[in-house]
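In UniProt numbering, the protein residues as written are 2 to 299.
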Ligand code: HMG
Ligand code: MG
């Protein structure tokens, strides 16, 4: 049976904007986050503490965190690939951090400049420090169904990384279809691999929509009982280390699907669409959400 409530983790300010070619003002990022929380989002991935040489768009990470007027009940998360990232993030008081690994060796090298085994060694002290500070730790498993360099990825690879993450104390894992190649049964196999090491409520789906399969994959995940999804307002984004990958599935589209299935999200779709229009307007881009476009045209 389908879950009655689903938690949406809004990743637009991070996964969405990290890939934007044009510079985006810190004030615009902060305003986007304010609009998202006003729309009822309770989990917002705000920025990442990565190398500004690798991802210049996230160089204002501390300023974004400092600029947010926090709303009670909203949790703000940030990406931290190593201890340097954690130390810079910690002083900005995130509620949650994300260490990000991959089920593909080649992608791990391209994205974080180390092997899967080395990444786990780097994450371990970050996890310890975060948990000692009372900060929850999520792990992302990139290329969980396919890799731009290695092609198809076997579910066993996902199970291995999930096991390694569980061993170092990562509390939740996101199964990420980085390049959006997954189809429902393959995505279910990848989720089941993660579920060998994590309970249902600590496994989430993170689907990019490159091939237009993301909503089908969300529905297939719901059928397994998965109740947490990372989505991006207006479908913002992509990944700088996955050429050709488009943004995450649009938050508006997932909310429309969930509400249509009678699943509660706590999100006000109209306010969410306003947030998407705000950021696409600031970027001078068309809205990437089919639902937003349809409702705006009425
Ligand atoms: P590295 O070069 O191997 O790191 O990069 P290093 O430790 O050798 O340090 C080299 C330089 O980077 C030094 O500076 C460090 O201080 C600096 P220098 O002495 O040359 O001036 N440095 C840092 N600066 C700021 N913050 C840090 C940091 N660490 C080192 N945390 C590193 C390793 C991971 C840092 C690098 O490869 C990197 O930043 N990669 C960016 C990865 C990234 O942001 N990718 C996109 C996010 S992941 C994603 O989108 C996937 C996801 O959405 C799920 C999915 O869809 O698959 C989550
Ligand atoms: Mg992503």
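Beta carbons are placed, not taken as given, at the ideal position from N, Cα and C, and that holds for glycine.
Counting along the chain, where does the beta strand (DSSP E) carrying residue 187 start and finish? Residue numbering aside, residue 187 sits at position 186 when the chain shown is read from its first letter. No beta strand (DSSP E) holds residue 187; the alpha helix (DSSP H) holding it covers 185-196.
Helix, strand or coil for residue 137, going by three-state DSSP, please let me know. Counting from 1 along the chain shown, the entry for residue 137 is found at position 136. Three-state result, residue 137: strand.
Would you mind stating whether residue 56 and residue 110 have Cβ atoms separated by less than 7 angstroms? Here residue 56 refers to the residue found at position 55 of the chain shown. Here residue 110 refers to the residue found at position 109 of the chain shown. For residue 56 and residue 110, no; Cβs fall outside 7 angstroms.
For residue 270 and residue 206, I'd like the C-alpha separation in whole angstroms. Translated into positions along the chain shown, residue 270 becomes position 269. Translated into positions along the chain shown, residue 206 becomes position 205. Answer to the nearest angstrom: the Cα atoms are 21 angstroms apart.
Look up residue 98 in the DSSP assignment and give the residues it is bridged to. As a first step, residue 98 must be located in the chain shown, where it is residue number 97. BP columns for residue 98 point to 79, 138.
Let me know if residue 92 comes out buried or exposed under the rule of 16 or more other beta-carbons within 10 Å of its beta-carbon. What you label residue 92 is simply residue 91 of the chain shown in a count that begins at 1. Exposed, since its Cβ has fewer than 16 Cβ neighbours within 10 Å.
Tell me the DSSP secondary structure of residue 210 in three-state form. The residue given as residue 210 occupies position 209 in the chain shown. Looking at residue 210 - three-state DSSP - the assignment turns out to be coil, as it is neither helix nor strand.
Does the beta carbon of residue 178 fall short of 6 angstroms from some heavy atom of the ligand MG? The residue given as residue 178 occupies position 177 in the chain shown. Result no, Cβ not under 6 angstroms from the ligand MG.
Using a Cβ-based criterion (distance less than 6 angstroms to any ligand heavy atom), does residue 51 qualify as near the ligand HMG? For the purposes of this step, residue 51 is taken as the residue at position 50 of the chain shown. Because some heavy atom of the ligand HMG lies under 6 angstroms away, the Cβ of residue 51 counts as near it: yes.
The ligand MG and residue 210: does the residue's C-beta get closer than 6 angstroms to at least one heavy atom of that ligand? Counting from one through the chain shown, the residue named residue 210 turns up at place 209. False, no ligand heavy atom lies under 6 angstroms from that Cβ.
Would the beta-carbon of residue 16 be found less than 6 angstroms away from any heavy atom of the ligand MG? Translated into the one-based positions of the chain shown, residue 16 becomes position 15. At least one heavy atom of the ligand MG is nearer than 6 angstroms to the Cβ of residue 16, so yes.
Using the three-state DSSP reduction, which class does residue 230 fall into: helix, strand or coil? As a position in the chain shown, residue 230 is number 229, starting the count at 1. Correct three-state label for residue 230: strand.
Report the three-state DSSP secondary structure of residue 45 (helix, strand or coil). For the purposes of this step, residue 45 is taken as the residue at position 44 of the chain shown. Strand.
What is the residue span of the alpha helix (DSSP H) that residue 254 lies within? By 1-based counting over the chain shown, the position of residue 254 is 253. It spans 252-261 - the alpha helix (DSSP H) in which residue 254 sits, taken as one unbroken run.
What first and last residue would you give for the alpha helix (DSSP H) that runs through residue 34? The residue you call residue 34 lines up with position 33 of the chain shown. Segment 27-39, the alpha helix (DSSP H) holding residue 34.
Just to confirm before moving on: does the CB-CB distance between residue 1 and residue 71 stay below 7 angstroms? Nothing can be reported for residue 1, as the shown portion of the chain is limited to 2 through 299.
Would you say residue 43 touches the ligand HMG, meaning its beta carbon is less than 6 angstroms from a heavy atom? As a working mapping, residue 43 is identified with position 42 in the chain shown. Result no, Cβ not under 6 angstroms from the ligand HMG.
With a threshold of 6 angstroms, establish whether the CB of residue 82 neighbours any heavy atom of the ligand PLP. The model depicted lacks the ligand PLP and carries the ligand HMG and the ligand MG instead.
Rounded to the nearest angstrom, what separates residue 40 and residue 221 at their Cα positions? Counting from one through the chain shown, the residue named residue 40 turns up at place 39. Counting from one through the chain shown, the residue named residue 221 turns up at place 220. Approximately 26 angstroms, taken between the alpha carbons.
Pair within 7 angstroms by beta-carbon distance, residue 13 and residue 237: For the purposes of this step, residue 13 is taken as the residue at position 12 of the chain shown. For the purposes of this step, residue 237 is taken as the residue at position 236 of the chain shown. The answer is yes: Cβ separation under 7 angstroms.
Nearest by alpha-carbon distance to residue 16: which of 42, 22, 5, 46 is it? Within the chain shown, residue 16 is the residue found at index 15, counting from 1. Of the candidates 42, 22, 5, 46, the one whose C-alpha sits nearest the C-alpha of residue 16 is 46.
DSSP state of residue 290 mapped onto helix, strand, coil: The sequence position of residue 290 within the chain shown is 289, counting from 1. Residue 290: coil per DSSP, three-state reduction.
So does the region 177-193 actually touch the region 139-157, counting three or more Cβ pairs closer than 8 angstroms? yes
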